[in-house]
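Data block below; observations after.
Number of protein chains: 2
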Amino acid sequence: MNKINDIESTLKSQGYKLTGQRRIIIDAFEQCPAHYTAQEIFEKVKTQNASINFSTVYRNLELLCKLGVIHKLNISSGINHFELKHDSHHHHVICVKCGDMQSIDLCPYSNLENKELEELGFVPIEHKFEIYGYCKLCSKDN
Amino acid sequence: MNKINDIESTLKSQGYKLTGQRRIIIDAFEQCPAHYTAQEIFEKVKTQNASINFSTVYRNLELLCKLGVIHKLNISSGINHFELKHDSHHHHVICVKCGDMQSIDLCPYSNLENKELEELGFVPIEHKFEIYGYCKLCSKDN
DNA sequence: CCTCCATTTGCAAATGATTTGCATTTATAT
DNA sequence: ATATAAATGCAAATCATTTGCAAATGGAGG
Numbered sequence: 117m118n119k120i121n122d123i124e125s126t127l128k129s130q131g132y133k134l135t136g137q138r139r140i141i142i143d144a145f146e147q148c149p150a151h152y153t154a155q156e157i158f159e160k161v162k163t164q165n166a167s168i169n170f171s172t173v174y175r176n177l178e179l180l181c182k183l184g185v186i187h188k189l190n191i192s193s194g195i196n197h198f199e200l201k202h203d204s205h206h207h208h209v210i211c212v213k214c215g216d217m218q219s220i221d222l223c224p225y226s227n228l229e230n231k232e233l234e235e236l237g238f239v240p241i242e243h244k245f246e247i248y249g250y251c252k253l254c255s256k257d258n
Numbered sequence: 117m118n119k120i121n122d123i124e125s126t127l128k129s130q131g132y133k134l135t136g137q138r139r140i141i142i143d144a145f146e147q148c149p150a151h152y153t154a155q156e157i158f159e160k161v162k163t164q165n166a167s168i169n170f171s172t173v174y175r176n177l178e179l180l181c182k183l184g185v186i187h188k189l190n191i192s193s194g195i196n197h198f199e200l201k202h203d204s205h206h207h208h209v210i211c212v213k214c215g216d217m218q219s220i221d222l223c224p225y226s227n228l229e230n231k232e233l234e235e236l237g238f239v240p241i242e243h244k245f246e247i248y249g250y251c252k253l254c255s256k257d258n
């Protein structure tokens, strides 16, 4: 049972249909697991099915988010990025100049004492940790 | 020398004019330091000057960000929030149900070993840490 | 105080990512 | 094979944010 089958059975078990378009979208993530904008996914997907529509892609990205299959990353640029939810929890460093985004394994959350959250009565579900700065290439130019 | 004067001299020293509209916008933050959407700031500001324009507010929020006086918070909702830059560095917990946002003092970054960043050759400038979940009120309803 | 001029404002319109309505098509349970 | 709920394609709507431009204004220098 590979990841794609996993996702496909998740869809079915929730009453969603396994359409050709969905297959292609999921494949696109599988083939190159990284973080993409909706437009980038759309470009990839069009190579497999030229008649697929952008709103179909967008709707399915939202659906896959809802199902917990992918993540929506809301970064400072204001353009959402989507990535397959990995087994390994991770975060991102983002270049403020070129917009490049890379994954990092370190997660500061695991070590946290959550007294403050307890005091607030806040029940955490997820968290986001992003480091903004200059990537290797852009820090040279500066 | 209070904070407003600080900000006003920052403006001047960078060659920006101290307009009535800017005064009002800065006042709005001072009077109730918290995180606001551009619309919220606009509403507050209109009570002081009914003829002020939204784009003026927006332009000045961007300017104040550039000057490092306020922060732009890009949260998952996709609507930017702005807050006065505090002396005390902090982060936020955000309710996924009602959208309420509260500040927390804990910062995971300070304890971080940055070996990974060094390997990437990444030069950090700032970081963002947000915890999403249910606030006290909303976790009761669930 | 007055003048000049770069900066700023108000306004209205553009942008661009995201979302929606609806008629048509499709997956799949039976 | 058929019925039907879900999904798609298309075009148009939304909505936060951004921009162009003519008119207004702050403040440096007289």
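Quick note, the sequences are listed as chains A and B, same order. This note's numbering puts the first sequence at residues 117 to 258. This note's numbering puts the second sequence at residues 117 to 258. Quick reminder that beta carbons are idealized off the backbone N, C-alpha and C, glycines included.
| field | Nearest neighbour of ILE220/A, chosen from CYS181/B, GLU235/B, SER226/B and GLY136/B [CA to CA] | value | GLU235/B
| How would you write the range of the alpha helix (DSSP H) that LEU276/B sits in, first residue to last? | Only positions 117 to 258 of chain B appear in the structure, and residue 276/B is not among them; the question remains open.
| query | Which class does GLY215/A belong to by DSSP, given the choice of helix, strand or coil? | reply | coil
| Alpha carbon to alpha carbon, how far is LYS213/A from PHE245/B? | 20 Å
| Would DSSP call LEU236/A helix, strand or coil? | helix
| request: Check whether the Cβ atoms of HIS207/B and CYS223/B sit closer than 8 Å, and answer yes or no. | output: yes
| Under a CB-based cut-off of 8 Å, is GLY131/B close to chain A? | no
| query | Any chance the region 160-168 of chain B sits against the region 197-205 of chain B, with 3 or more Cβ pairs inside 8 Å? | reply | no
| request: For LEU236/A, return the contacting residues in chain B, with the cut-off set at a CB-CB distance below 9 Å. | output: VAL209, GLN218, ILE220, CYS251 and LYS252
| query | What residues from chain A crowd round HIS243/B, counting only those whose CB sits closer than 8 Å? | reply | PHE245, GLU246, ILE247 and TYR248
| query | For TYR174/A and chain B, any beta-carbon pair shorter than 8 Å? | reply | no
| task | Please go through the same chain and pick out, in chain order, the residues whose beta-carbon is closer than 6 Å to the beta-carbon of LEU200/B, but skip the five residues on each side of it. | result | PHE145, PRO149 and ILE186
| query | For GLY249/A, which of helix, strand or coil comes out of DSSP? | reply | strand
| Taking just the CA atoms, how far does VAL239/A sit from TYR248/B? | 8 Å
| task | Assign PHE198/B to buried or exposed, taking buried as 16 or more other Cβ atoms, counted over all protein chains shown, within 10 Å of its Cβ. | result | buried
| Burial state of LEU189/B (16 or more Cβ within 10 Å) | buried
| task | May I ask you to report which of helix, strand or coil DSSP gives LEU127/B? | result | helix
| said: Along the region 186-200 of chain B, where does the CB come closer than 9 Å to a CB of chain A? Name the residues. | reply: LYS188, ASN190, ILE191, SER192, SER193, GLY194 and ASN196
| said: In this structure, how does DSSP classify TYR132/A when only helix, strand and coil are distinguished? | reply: coil
| Roughly how far, in whole angstroms, is the beta-carbon of GLY237/A from the beta-carbon of SER255/B, given that I think they are within contact range, below 8 Å? | 7 Å
| query | Distance, Cα to Cα, GLN137/A vs ILE123/A? | reply | 14 Å
| Is it right to say PHE158/A is buried, meaning 16 or more other beta carbons lie within 10 angstroms of its own, or is it exposed? | buried
| said: Can you tell me which residues form a DSSP beta bridge with VAL209/B? | reply: GLN218/B and ILE247/B
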